Amino acid sequence: MWLLMGVGYHLTFFAEINPAANLFGALFILQAVLFAIEGAWRGRISMRLEGGFRAWLAGALIAYALIIYPLIGLLGAQPYPETPLFGVAPCPTVIFTLGLLILADHPQRWMLATIPLVWSLIGGSAAVLLEVPQDFGLAAAGMFLVIAMLSGRRCRQDHPGS
2 MWLLMGVGYH LTFFAEINPA ANLFGALFIL QAVLFAIEGA WRGRISMRLE
52 GGFRAWLAGA LIAYALIIYP LIGLLGAQPY PETPLFGVAP CPTVIFTLGL
102 LILADHPQRW MLATIPLVWS LIGGSAAVLL EVPQDFGLAA AGMFLVIAML
152 SGRRCRQDHP GS
């Protein structure tokens, strides 16, 4: 999906509207490469679904990306087929990714999270600047991931070997 967003959305479509789209496209392609190398090639990404608040939060973000995000668009100023959808538009795809990263077990999770977090700031600004209300969820998702990662690190430091 990240490769599709980088090439199909940013470089092909968004570049006609925004000169920064080439940089965005490059970042999305880089993220796709990181996921491919770390997940598929090295096999270093696994998902840890242990229940509790992290699982609930991740599930809420994934549901937001797949269901609530497009519903907000449909009820607002973006009728179908203009409504941004997961897998077709960057923002719901990034929210979905942030949800998965809350569950991810990877030795360098910050490396995997950097570009999605940067996009949560860039895309989240659209909530205010371009009046895209569903993108408030994008900014919130980025904050939730940072909190989850920081709290997870503290827990592992408090309990060595866990």
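For what it's worth, our numbering labels the leading residue of the sequence shown as 2, then goes sequentially. Just so you know, even glycine gets a beta-carbon here, dropped at the ideal spot from N, CA and C. Source: prediction; values computed, not measured.
Handout entry: Segment contact, 8 Å Cβ cut-off, at least three pairs: the stretch 116-128 with the stretch 78-90
Key = no
Problem - Own chain, CB closer than 8 Å to Asn23, minus 5 neighbours either side, in chain order - result: On the sequence shown, position 22 is the one that residue 23 refers to. Answer for Asn23: His11, Leu12, Ala16, listed in chain order.
Exercise for the section: Within its chain, find whatever has a CB closer than 6 Å to the CB of Gly100; leave out the 5 residues flanking it on each side and keep chain order. Expected result: Counted from its first residue, the sequence shown places residue 100 at position 99. Only Ala59, Leu62, Ile63 meet the Cβ criterion.
Problem - Assumed close pair Leu4, Ile116 - CB separation to whole angstroms, cut-off 8 Å - result: Position 3 of the sequence shown, counted from the first residue, corresponds to residue 4. Position 115 of the sequence shown, counted from the first residue, corresponds to residue 116. No, Leu4 and Ile116 are not in contact; Cβ-Cβ is about 13 Å, not under 8 Å.
Problem - When Leu146, Ser47, Phe87 are compared against Gln135, the one with the closest alpha-carbon - result: Here the question's residue 135 lines up with position 134 in the sequence shown. With respect to the C-alpha of Gln135, the residue from Leu146, Ser47, Phe87 having the closest C-alpha is Phe87.
Exercise for the section: Could you tell me which residues DSSP pairs with Asp106 in its beta bridges? Expected result: Your numbering for residue 106 matches position 105 in the sequence shown. Partner(s): Ser47.
Problem - Local Cβ density within 10 Å of Glu132, reported as buried at 16 or more and exposed below that - result: To locate residue 132, count along the sequence shown from 1; it is residue 131. Under this definition Glu132 is an exposed residue.
Exercise for the section: Evaluate Ala21 with the Cβ neighbour count: other Cβ atoms within 10 Å of its Cβ, from every protein chain shown; 16 or more gives buried, anything less gives exposed. Expected result: Counting from one through the sequence shown, the residue named residue 21 turns up at place 20. Exposed, because fewer than 16 other Cβ atoms sit within 10 Å of the Cβ of Ala21.
Practice task
Would you kindly check if the distance between the Cβ of Ala149 and the Cβ of Arg49 is under 7 Å?
Solution key: Here residue 49 refers to the residue found at position 48 when the sequence shown is read from its first residue. Here residue 149 refers to the residue found at position 148 when the sequence shown is read from its first residue. Going by C-beta atoms, Arg49 is not nearer than 7 Å to Ala149.
Problem - Gln32 burial status per 10 Å Cβ neighbour count (16 or more: buried) - result: Residue mapping note: residue 32 aligns to position 31 of the sequence shown, counting from 1. That one is buried.
Practice task
Would you check if the distance between the CB atom of Ile46 and the CB atom of Glu39 is smaller than 7 Å?
Solution key: Working through the sequence shown from its first residue, we reach residue 46 at position 45. Working through the sequence shown from its first residue, we reach residue 39 at position 38. Going by C-beta atoms, Ile46 is nearer than 7 Å to Glu39.
Practice task
Check whether the Cβ atoms of Thr94 and Met6 sit closer than 7 Å, and answer yes or no.
Solution key: Numbered from its first residue, the sequence shown carries residue 94 at position 93. Numbered from its first residue, the sequence shown carries residue 6 at position 5. In contact: Thr94 and Met6 (Cβ atoms closer than 7 Å).
Handout entry: DSSP three-state assignment for Met112, whether helix, strand or coil
Key = Here residue 112 corresponds to residue number 111 of the sequence shown, with the count starting at 1. Of the three classes helix, strand and coil, the one that applies to Met112 here is helix, per DSSP.
Practice task
Could you check the C-alpha separation between Gly44 and His107 for me, to the nearest Å?
Solution key: On the sequence shown, position 43 is the one that residue 44 refers to. On the sequence shown, position 106 is the one that residue 107 refers to. Using only the alpha carbons, I get a separation of about 10 Å.
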